[in-house]
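Counting in this note's numbering, the sequence shown runs from 4 upward without gaps.
Every residue gets a Cβ at the ideal spot worked out from N, C-alpha and C, and that includes glycine.
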Amino acid sequence: MIRNDDLGPLLRAAPWMPEDGRRAERFECVDHALLGTAARLLIVAAVGGPAAGRRYFVPVRSAPTPTGTEEAHGSAEFEPAVLDALSAGLRLPTARGGHVLFRGAGLTARSVRPLPFERGWSSNVLSLVENDGTPYVHKTYRRLDGTVREPELLRLMNRTGRTPDWAGDYTYTDPADGTRHPLGVFYRYAPGDGIDLPLRHSMRSLWPKVTDGRTPGDLDDLVRTHLRPLAENLRDAGRFLTGFHRDLAGRLGRGPVPPYPVREVLSRATVRAAELASADIALPTAPRTAAFAALRRESTALRDAFDTAPAGFPSGPCHGDLHLSHLLCRPRDDGGWSMNVIDMSTPALGPGEPGWAAQSPVQDLVAVQRALEYFTADEAAFESARRLGADSSETMRGALDGAGDWRPGPRAELRLVFHAADVWRAHVLRLFLGRTADDPLRRLLYLGRLLHELAYNIDHARPYHAAIDLRHALALGARPPAPTLPART
Ligand SMILES: Nc1ncnc2c1ncn2[C@@H]1O[C@H](COP(=O)(O)OP(=O)(O)O)[C@@H](O)[C@H]1O
Ligand SMILES: [Mg+2]
4 MIRNDDLGPL LRAAPWMPED GRRAERFECV DHALLGTAAR LLIVAAVGGP AAGRRYFVPV
64 RSAPTPTGTE EAHGSAEFEP AVLDALSAGL RLPTARGGHV LFRGAGLTAR SVRPLPFERG
124 WSSNVLSLVE NDGTPYVHKT YRRLDGTVRE PELLRLMNRT GRTPDWAGDY TYTDPADGTR
184 HPLGVFYRYA PGDGIDLPLR HSMRSLWPKV TDGRTPGDLD DLVRTHLRPL AENLRDAGRF
244 LTGFHRDLAG RLGRGPVPPY PVREVLSRAT VRAAELASAD IALPTAPRTA AFAALRREST
304 ALRDAFDTAP AGFPSGPCHG DLHLSHLLCR PRDDGGWSMN VIDMSTPALG PGEPGWAAQS
364 PVQDLVAVQR ALEYFTADEA AFESARRLGA DSSETMRGAL DGAGDWRPGP RAELRLVFHA
424 ADVWRAHVLR LFLGRTADDP LRRLLYLGRL LHELAYNIDH ARPYHAAIDL RHALALGARP
484 PAPTLPART
């Protein structure tokens, strides 16, 4: 049995433990279950410090370490034991009268072995496990108090071909109040890379072609030609995303589609923009003022657009956290991509749940758009800094305020690089997401997300990232007014 005193060294060193959890005064085991001899499934609470009261799931096993214990995840004992439990539908009682319930899709544990796993950044704990020759990802959720819907979403989306197949999951039922907390999921490994990888490759291989003397018209042709090898893949990716949204809506619930609450969301955005306008961030005043004026004008234009669209705008379930790295692509022999969506956090799973109407597939499109904005601005800031022997925070600032006080040569170089990145992004967006950017719902969701990210960047004193937000806020001012066409329902 692990002593509470030994939990501190184990958990403070755990890579998945967030910073506030590390600063707990101590940790206490509040419940546990035994998974045979393979592992002890601990429910641990932080005592004292900024995360006091927060609970974590920590599977551990005996080991010849100073505390006599190590984390079990990824070990040759724990993985087959979990797979056995999933196939048996095991209901494991906990010490305090709760239970851990395992359920599976009929998988039989057979020659199970952990495989090495090269993966991107993760806030959870993932391992790769081979069962009977097929690789699976085993993800454990460590924070008990967050809302995790991923295992249920994977189960509901099973065999749509949009998400990796679900093989099983397990959930803790708290004896105190009967609440259920997902602890882990097994789902198929989808070989491939996030779509950010081919996009980054395309952006970077554009730079050697962006040379002095290029006119804006030239650049447009250059970028179009440069993107030609990716064009069909990006169109397919857009169709894949549309199909994903259709399947998600089909699996989560049919019935009447409620309207998206555009007015509520717009008033929250308007209030937020007003608050942020006076917030402190180390960026030049003139573009800041102009950016907030553009944001105010956008709010007003959208209010007018909604007033003249009485039919409203449809809601619909969405991914909820669509980073570029959550769209996995694997090149096939025919040149196309096999795609999968991962890491879903759809806000509501059915018409009966709160928040069902306040989601839209368009949110995911906007998430992709914003991700591409950060991505291209970052690449352009870095490339122009490299060319000019400057720092990327200076080039980012120059991109925001127009670099009016720079010498003409460097200024022209900076503008050329950022312009090329903007043209590249516009083409990628059009290929990937089509030409719907002027739809008022999309503009509203874009505005809301930009403000959300700007608030985060201001709160966390990230002027480099806030400069990207403000630069794109400024670009809103250059757009035509929102169309007042009646919306589709
Ligand atoms: N089914 C899968 N197939 C292939 N790679 C995966 C799979 N699931 C996760 N990954 C890899 O692990 C990374 C982290 O996974 P993700 O689900 O985003 O974790 P988190 O919930 O911690 O954000 C992904 O970006 C991807 O590289
Ligand atoms: Mg993720």
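Query: Whole-angstrom distance between W427 and L419, CA atom to CA atom; Result: 12 Å
Query: Proximity test, D346 beta-carbon vs ligand 2 heavy atom, cut-off 6 Å; Result: yes
Query: Outcome for K212 when other beta-carbon atoms lying within 10 angstroms are tallied against a minimum of 16; Result: exposed
Query: Inter-residue CB distance, L89 and G197 (contact presumed, cutoff 8 Å); Result: Incorrect: roughly 27 Å between the Cβ atoms, too far for contact.
Query: 8 Å Cβ shell around D8 - same chain, five flanking residues per side excluded; Result: R29
Query: L325 - containing alpha helix (DSSP H), residue span; Result: No alpha helix (DSSP H) holds L325; DSSP gives it neither H nor E.
Query: Spatial neighbours of G11 in its chain, beta-carbon cut-off 7 Å, leaving aside the 5 residues before and after; Result: R29, F30
Query: Minimum length 4: unbroken alpha helix (DSSP H) runs contained in the region 165–198; Result: none
Query: Proximity test, P201 beta-carbon vs ligand 1 heavy atom, cut-off 6 Å; Result: no
Query: Y192: CB within 6 Å of a non-hydrogen atom of ligand 1; Result: yes
Query: Other residues of its chain near H184: CB distance less than 6 Å, five sequence neighbours each side excluded; Result: L147, Y175
Query: Closer than 6 Å: D134 CB and nearest ligand 1 heavy atom; Result: The identity of residue 134 in the sequence shown is Asn, whereas the question assumes Asp. Flag unset: Cβ of N134 not near ligand 1.
Query: Cβ pair L14, M20 closer than 7 Å; Result: yes
Query: heavy atom of ligand 1 below 6 Å from N127 C-beta; Result: yes
Query: Range covered by the alpha helix (DSSP H) that runs through G246; Result: 219–255
Query: Short Cβ contact (7 Å threshold) for P178 with R57; Result: no
Query: Reduced DSSP secondary structure (H/G/I, E/B, other) of H76; Result: coil
Query: Cβ-based neighbour list, E382, same chain, cut-off 8 Å, excluding 5 preceding and 5 following; Result: R203, M206, R207, A424
Query: Straight-line Cα distance separating L436 from L368; Result: 7 Å
Query: Contacting residues, own chain, Cβ-Cβ under 6 Å from A478 (five flanking each side not counted); Result: none
Query: Test item: CB-CB of L447 and L269 under 7 Å; Result: yes
Query: beta-carbon V140 near ligand 1 non-hydrogen atom, thresh 6 Å; Result: yes
Query: Where R445 sits in the DSSP three-state scheme; Result: helix
Query: Cβ pair D472, E456 closer than 7 Å; Result: yes
Query: Min CB distance R57 to chain B below 7 Å; Result: Considering every chain present, this structure includes no chain B. It has just one protein chain.
Query: Sufficient close CB pairs (3 or more, under 8 Å) joining the region 323–342 to the region 285–302; Result: no
Query: Coil, strand or helix - L31 by DSSP; Result: First, the amino acid is wrong: residue 31 is Glu here, not Leu. Looking at E31 - three-state DSSP - the assignment turns out to be strand.
Query: Separation of R191 from T311, as counted between CA atoms; Result: 47 Å
Query: S328: CB within 6 Å of a non-hydrogen atom of ligand 1; Result: yes
Query: Through-space distance from H102 to A304, alpha-carbon basis; Result: 54 Å
Query: Nearest candidate by alpha-carbon position, reference A493, set P357, G24, A481, P194; Result: Past the edges of the chain, shown from 4 to 492, lies residue 493, and the structure says nothing about it.
Query: Inter-residue spacing [alpha-carbon to alpha-carbon] between A360 and V260; Result: 8 Å
Query: Contact between the region 40–48 and the region 122–141 (3+ Cβ pairs under 8 Å); Result: no
Query: Delimiting residues of the beta strand (DSSP E) encompassing P154; Result: It is not in any beta strand (DSSP E) - P154 instead sits in the alpha helix (DSSP H) that spans 153–159.
Query: Element boundaries [alpha helix (DSSP H), containing P12]; Result: 7–15
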